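Q: Read in order, the letters of the sequence shown correspond to residues 142 to 488 in our numbering.
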Amino acid sequence: MRNKIQSYINEIQSLKSEALQNKIADIEQFRIKFLGKKGVISELFGQFKDVPNEQKKEIGQLLNQLKVAAQTKIEELRSSVAETISDDSGNCDLTMPTDFSELGSRHVLSVVQNEIIEIFSRIGFTVSEAPEIEDDWHVFSALNFPPEHPARDMQDTFFVEKEGQHGDVVLRTHTSSVQVREMERSKPPIRIIAPGRVFRNEAISARAHCIFHQVEGLYIDKNVSFADLKQALLYFAKEMFGPDTRIRLRPSYFPFTEPSAEMDISCNICGGKGCNICKHTGWLEILGCGMVDPNVLEASGIDSNVYSGFAFGMGVERMAMLKYQIRDLRLYFENDLRFLKQFDTLI
Ligand code: PHE
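#1: Taking just the CA atoms, how far does residue 216 sit from residue 186?
#2: Using DSSP bridges, identify the partner residues of residue 354.
#3: Between the Cα of residue 292 and the Cα atoms of 397, 470, 153 and 452, which residue gives the shortest distance?
#4: Give the C-beta separation of residue 261 and residue 358 to the nearest angstrom, bearing in mind that I take them to be a contact with Cβ-Cβ under 8 Å.
#5: Please report the Cβ distance between residue 403 and residue 432, rounded to the nearest whole angstrom; I am assuming they are in contact, meaning their Cβ atoms lie under 8 Å.
#6: Going along the chain, which unbroken runs of the alpha helix (DSSP H) with 4 or more residues stay wholly within the stretch 401-476?
#7: What I want to know is whether the C-beta of residue 357 ends up closer than 7 Å to one or more non-hydrogen atoms of the ligand PHE.
#8: Please state the DSSP three-state secondary structure of residue 208.
#9: Are the Cβ atoms of residue 470 and residue 349 separated by less than 8 Å?
#10: Spatial neighbours of residue 156 within its chain, please: C-beta separation below 7 Å, excluding the five flanking residues on both sides.
#11: With respect to the beta strand (DSSP E) encompassing residue 303, which residues constitute its N-terminal and C-terminal limits?
#12: Per DSSP, what kind of secondary structure is residue 181 in: helix, strand or coil?
#13: Please work out which residues of its chain come closer than 8 Å, Cβ to Cβ, to residue 331, disregarding the five sequence neighbours upstream and downstream, and give them in chain order.
#14: Does DSSP put residue 389 in a helix, a strand or coil?
#15: If we count the other Cβ atoms within 10 Å of its Cβ and call it buried at 16 or more, is residue 442 buried or exposed?
#16: I need the DSSP call for residue 395, collapsed to helix, strand or coil.
#17: Going by C-alpha to C-alpha distance, which of 445, 401 and 466 sits closest to residue 425?
#18: List the whole-angstrom C-beta distance separating residue 319 from residue 393, where the pair is believed to meet the contact cut-off of C-beta under 8 Å.
#19: At the level of alpha carbons, what is the spacing between residue 462 and residue 312?
#20: Please classify residue 189 as buried or exposed, where buried requires at least 16 neighbouring CB atoms within 10 angstroms.
#21: Less than 8 Å between the C-beta atoms of residue 484 and residue 252, yes or no?
#22: Sort out for me which residues DSSP pairs residue 240 with in a bridge.
#23: Do residue 353 and the ligand PHE come close, with the Cβ less than 7 Å from some heavy atom?
#24: From the DSSP output, in three-state form, read off residue 275 for me.
#25: Hey, how far is the Cα of residue 282 from the Cα of residue 414?
#26: Secondary structure at residue 348, three-state DSSP: helix, strand or coil?
This is the structure:
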């Protein structure tokens, strides 16, 4: 009997040290083994009735100590798991609810530029690009600007200093320079759309900026006529501003097109009745265009007796202003999230 009691005490003590040094990684397995209904502790309590009365107090205390040790160990294991979940060590709890991180959105100018490209790509135009830092030839001379033309003035154009020489390297003032690059590198038929940044020496205000974006279009082939230009632009206006949009062309002047025109669309705010946006005229000016001047074709090595073409150029900022009623150009470049987020849903 004595031996039996002694081995009972030994077992309690060895289980207590086992609980304290626990080697079982799975908390639930540990709980079942020690504190479960059929676990070792409940089995030991079951044998307690055989303990002689004079030892009941001492052994009862030992049993309770074992139970407390197992319970404390479980608490310890649980809180250490909670800590690993909240640190960044790569152990994560896959059942935790997701914390959504905010995604960025496209800038409204990119959205509008992509829309213009998309509309023209549906009628066979492909995107063409050329440098922002250009020479006088591609920005002015090849486009039929006479040497004394005021656009070449320091007041309008940013000049880039090159090896101490002034005058020949400029930041392009329009994307018409891409027309020249394209005519130099490929043979007709040419059907391109050229989006890009342009630079002008302007004071920054609500209506002007020294950096802005244009999209240029150029189509050269045999027998291209002014009617083709009108049809392409009418299609564009309807796709961009809605099927009820009307267009009108007003005679204008650009050195590189002849004849030249400016195109207006019927005001998309008042439908042509007259409002603040269209200054009560019912019309909004949206782009410049014309038939490519034969001098321009010849300057880039294209036979103007065989080929003809049309060109047009529009401002992306202006297009976005008209489409989304943006009143101040400076908003585009300030990157104020309150402004940018309004266009979140435009893809
Ligand atoms: N390059 C002209 C501008 O910047 C626009 C234009 C392009 C006009 C092509 C006619 C043809 O204003």
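From the three backbone atoms N, C-alpha and C, an ideal C-beta is built for every residue, glycine too.
These numbers were taken from a predicted model, which means no experiment stands behind them.
A: In brief:
#1: The residue given as residue 186 occupies position 45 in the sequence shown. The residue given as residue 216 occupies position 75 in the sequence shown. Distance between the alpha carbons of residue 186 and residue 216: 22 Å.
#2: If you number the sequence shown from 1, residue 354 lands on position 213. Paired residue(s): 338.
#3: Translated into positions along the sequence shown, residue 292 becomes position 151. Of the candidates 397, 470, 153 and 452, the one whose C-alpha sits nearest the C-alpha of residue 292 is 397.
#4: Taking the sequence shown and counting its residues from 1, one reaches residue 261 at position 120. Taking the sequence shown and counting its residues from 1, one reaches residue 358 at position 217. Their Cβ separation, rounded to whole angstroms, is 6 Å, which keeps residue 261 and residue 358 in contact under 8 Å.
#5: Here residue 403 refers to the residue found at position 262 when the sequence shown is read from its first residue. Here residue 432 refers to the residue found at position 291 when the sequence shown is read from its first residue. About 14 Å separates the two Cβ atoms, so there is no contact after all.
#6: 435-440, 457-465 and 472-475
#7: As a working note, residue 357 is residue 216 in the sequence shown. Answer for residue 357: yes, Cβ within range of the ligand PHE.
#8: In the sequence shown, the residue the question calls residue 208 occupies position 67. Note: residue 208 maps to helix in three-state DSSP.
#9: Here residue 470 is taken as the residue at index 329 of the sequence shown, counted from 1. Here residue 349 is taken as the residue at index 208 of the sequence shown, counted from 1. Their beta carbons are under 8 Å apart, which means residue 470 touches residue 349 by this criterion.
#10: Residue numbering aside, residue 156 sits at position 15 when the sequence shown is read from its first letter. Cβ neighbours of residue 156 beyond the five flanking positions: 181 and 207.
#11: Within the sequence shown, residue 303 is the residue found at index 162, counting from 1. Bounds of the beta strand (DSSP E) holding residue 303 are 300-303.
#12: Against the sequence shown, residue 181 aligns to sequence position 40. It is helical.
#13: Your numbering for residue 331 matches position 190 in the sequence shown. Hits under 8 Å: 323, 324, 359, 360, 361, 362 and 450.
#14: As a position in the sequence shown, residue 389 is number 248, starting the count at 1. Note: residue 389 maps to strand in three-state DSSP.
#15: Translated into positions along the sequence shown, residue 442 becomes position 301. Counting Cβ neighbours within 10 Å, residue 442 comes out exposed, since fewer than 16 surround it.
#16: As a first step, residue 395 must be located in the sequence shown, where it is residue number 254. Of the three classes helix, strand and coil, the one that applies to residue 395 here is strand, per DSSP.
#17: By one-based count along the sequence shown, residue 425 stands at place 284. Looking at the Cα atoms, 466 is the closest of the given residues.
#18: To locate residue 319, count along the sequence shown from 1; it is residue 178. To locate residue 393, count along the sequence shown from 1; it is residue 252. Between residue 393 and residue 319 the Cβ distance is about 21 Å, and since that is not below 8 Å, they are no contact.
#19: Working through the sequence shown from its first residue, we reach residue 462 at position 321. Working through the sequence shown from its first residue, we reach residue 312 at position 171. Computed Cα separation, rounded: 24 Å.
#20: Numbered from 1 along the sequence shown, position 48 holds the residue referred to as residue 189. The residue is exposed, with fewer than 16 neighbouring Cβ atoms inside 10 Å.
#21: In the sequence shown, the residue the question calls residue 484 occupies position 343. In the sequence shown, the residue the question calls residue 252 occupies position 111. The answer is yes: Cβ separation under 8 Å.
#22: Counting from one through the sequence shown, the residue named residue 240 turns up at place 99. DSSP output for residue 240 lists no bridge partner at all.
#23: Position 212 of the sequence shown, counted from the start, is the residue given in the question as residue 353. Residue 353 has its Cβ no nearer than 7 Å to any heavy atom of the ligand PHE.
#24: By 1-based counting over the sequence shown, the position of residue 275 is 134. If DSSP states are grouped into helix, strand and coil, residue 275 belongs with the strands.
#25: Numbered from 1 along the sequence shown, position 141 holds the residue referred to as residue 282. Numbered from 1 along the sequence shown, position 273 holds the residue referred to as residue 414. Roughly 42 Å separates the two Cα atoms.
#26: Within the sequence shown, numbered from 1, the residue matching residue 348 stands at position 207. Three-state DSSP puts residue 348 in coil, outside helix and strand.
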